[in-house]
Each structure stands twice: as C-alpha cells, then as structure tokens.
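Just add 411 to wherever you are in the sequence shown, counting from 1, and you've got the working numbering.
Here's the structure, in structure tokens; my notes come after.
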Amino acid sequence: MTNTSSAWRLVASREVDVKLRDKGFIISMIITVLLIVAISVVLSIISSKHDHDSVVVTDDKAAAIVKVAQQDLAARGSTDKTEVVRAADEAEAHRELQNDDNMVYLHQKDGQWHLDGYDKTPSADGSSTGAMERAVAVAAVADNTKAAGVDASTMTKGMSLQTGQVKPSDGTSEAVRYMLAIVFSVLFMMSAIYYGVMIANSVVEENQSRIVEILLTGVPARQLLIGKIVGNTVLAVGQLIIICGLSMLAVSFSQWSNIITFAMSWSVMWFLLFFLVGFVALASLYAAAGSMASRSEDVQNTTSPLMYLIMIIYFWVVFSMSNPDGMSAKIGSYVPIASVVFMPLRMLGHRAQWWEPIVSIFVTLGFTVFAVLAGERIYRRSILQTNGRVSFKNAWKQNESVA
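Here's what the structure looks like:
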C-alpha cells in the first residue's frame, strides 16, 4: 500500500502525465516553439539586410571613403557593413545598381560627393549613410587643408568627441531593459493565469464528478493539494525555461545578438527562480479558489480576484520600469509576487545592491509559506462542499470537511 506521506508524488506525476498526454497542451507548446523558430528566422533575415551591403565605386578615392565609413561603423558597434564593389566606369556602376536594389553608388562630380541608389534615394537616417557622410567630411577636410598648405592632422586635432559614462555599464541599453520588462511581465501574466486557472478547473472537475471523494479515502487532502501544486509548478517552470532558452537562442542568431550579455542571462535565471517561488504561492491560492466553486461556471467568480492581482502587477511593471531607479520600482522589488518581475529587472541594470535579491527572495518565500497554509486551510474546508459557491468568509471559518 502506498505511504500516504509520499502520496503527493503520485498526484504530481499524474498531473504532469495527464497534461503531457493532452493534445491541446502539446499543440499549444508546439505552436509556441514554432513561433519562436519563425521569429528566429525572420530576425536572421532582417539582420542579413543591412543599410547598404555594397557600395559601387569607380576610383580609389571613393573606395578609401567606404573603408573609413566601415571603420566608423565598427567603432560605433553597428552591425551594418559597407563593402566595396569596383566598376570600370559610370555605365558599369549603373548596371550594378540595376542588378541589386541594395547597392548604392558613391562618386564625385564637380567637386561634390554623391551617394545614389538606382530607383530610390538612400535614406539619410541610415547608419551606413551617416558613416559615409562623416567619412566624406574627413576626406574633404584633408583635401581642403592640403590645398591650403596646412597639415590635416593639425586642423582636425581635438575635433572628436569621446562619449562614456560614470557608472559602469553591463552592456544592456535602457531600451533592452524596458523590452525585457514587457517580456517578463507577459510571461509571468500568461503562465500564472493559464496554469492557475488550469489548477482551479482541475479541482472543480474532481469535486463536480465526485472523484475527489474517492481520492480523499486514500490520499490526505494536504497531500492531494501539494501534488497538484508541485505537478503544475513543474509544468509551468519547465515551459518557461524552454521559452526563455529558445528566445535567447533566437536573438543570438540575429543582428541584436550583442544584447545577450552575462547580465541578461543572470537576470533571466533570477526571474525563473523568483517565478518558481511566486508561482507556488499563486498555485496554492488558485487551488483554494477552485475548491470554493462547486460548478465550473463558478470558477471565473472565485478566481477573478487572483486574475485582477496579476493584471495589476503587469501594469505596475509596465508603467514603473521606465524609471527603474524610482520609488515605485524599488517598492515593487519587495512586494511578494510583484518582485517576481521587478527584482530581476533592477538587477539587470545594477540598480539593486547584492543583498537586495536575497532579502526579496526570503520575503517572497515567507509569503509563499503563508499562501500555501492559507490555501490548504480553505481547500480542506470547502473541497467537499456541493451546495453552491462557498464564500471566502465561510471557507475560512467553517469546520474542516476532510482530514
């Protein structure tokens, strides 16, 4: 006979096994993976299309300008590349342009440099265009100073501006941090709601079909609840690991691969850790909410407070992470459940001291213990109630219906 103290393992393995055999779950997971792969392919295609891949030139002077422009792009960290394509004369240059819309023609006419496309004007906002404009300016200064009999190095000395920052950088821009805030928030919201509602529905179905009465004859209510929490936590965290891993792999094959820094990887790992702890709390509360509903139609009413909580956290993060040093983000880093998103993001920008995530995770752990105990209390007092929806007040105060 199975030891009741370890019955939760059987319940957890059953939860995982049932879900992995569910066609809907498998199809949704496959679609998610295919979407990530598709995004990876699109990013790779986009990254292969730079501002100007090739620049047609007909003389050494123009070729030298293109070379200087490429050095300028590399110095600025741009992935755009400018390659020289030699043409014998202007007619051949025009033919090259006609054969490739992505080519541009750099040439000098009547003392003025021109950058021409075949049937469209090169964008003035393009990084390659800007680099060649700067290279042309340098070449013009050199030509003009040489004509005036002045040393070009003397004329250009001190003309450059070197940028930097006082605070050490982790290599992650503010735009990337805000994008990651949106990604973390969406992943948290979708996973918490999807698996939370799934737990609640599972509890209601067992109660409505009276299967729970059979289960409780051999499995204590606490073990049944723990098994459901563990099984669904394994599924939720496992799915998140797959999504995060594939997403980072997809970005690494694009022109934005430079944003995959050690700091970002560390932040993602902290997010998964915080999510693990926070989800256990939410799973307990969702199971309790499910036990308060005697019919499937009541699940929406009993789980709506939790859904509102998750939505509030989502919007809180979105509106607060534009200023990660602000009081709102700092407070959110220590509020259980909200800290799942806030603290990893503040760590990404070195906004948090080394001890802050440790304190935050212990606060979240404390809340999780409270949530599990509260969820168990409600679950044990309302799981066998079949006379309609049970209110929170009654579920909390009434006598236990199961052991």
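Just so it is clear, CB atoms sit at the ideal spot from N, CA and C, and this is done for glycine as well.
Cβ-Cβ distances below 6 Å link residue 480 to 493, 542, 543 and 546 in the same chain, with the five nearest sequence neighbours on each side left out; the list follows chain order. In this structure, residue 695 lies near residue 783, with their beta-carbon atoms less than 7 Å apart. Excluding residues up to 5 positions away in sequence, 750, 753, 754, 757 and 771 lie with their Cβ nearer than 6 Å to the Cβ of residue 744 in the same chain. Shown here, residue 531 sits in coil according to DSSP, grouped into three states, outside any helix or strand. In the DSSP assignment, residue 651 falls within the alpha helix (DSSP H) that extends over 632-663. Under a 10 Å Cβ-count criterion, residue 678 is classified as buried, with 16 or more other Cβ atoms of the shown protein chains found around its own Cβ. A Cβ-Cβ contact shorter than 7 Å links residue 607 with residue 697. Secondary structure within the stretch 493-531: the alpha helix (DSSP H) runs of 4 or more consecutive residues, fully enclosed, are 501-510 (chain order).
Here residue 465 carries a strand assignment [DSSP, helix/strand/coil].
CA-to-CA, the gap between residue 601 and residue 436 works out to about 14 Å. DSSP places residue 734 in the coil class of the three-state scheme, outside both helix and strand.
According to the DSSP assignment, residue 798 belongs to no alpha helix (DSSP H), since it is labelled neither H nor E.
In this structure the stretch 604-620 does not lie against the stretch 726-733, because fewer than three pairs of beta carbons, one per stretch, are closer than 8 Å. Shown here, residue 746 sits in coil according to DSSP, grouped into three states, outside any helix or strand. Within the model, the alpha-carbon separation for residue 516 versus residue 503 is close to 11 Å. Distance from the CA atom of residue 766 to the CA atom of residue 682, rounded to whole angstroms, is 16 Å.
Taking C-alpha positions only, residue 619 is separated from residue 706 by approximately 6 Å. Following the DSSP letters along the chain, one finds residue 417 in no alpha helix (DSSP H), marked with neither H nor E. For residue 791, the enclosing alpha helix (DSSP H) covers residues 767-793. Contact annotation: residue 699 and residue 622 have beta-carbon atoms that are not nearer than 7 Å. For residue 551, the three-state secondary structure derived from DSSP is helix. Taken through DSSP and simplified to helix, strand or coil, residue 704 comes out as coil.
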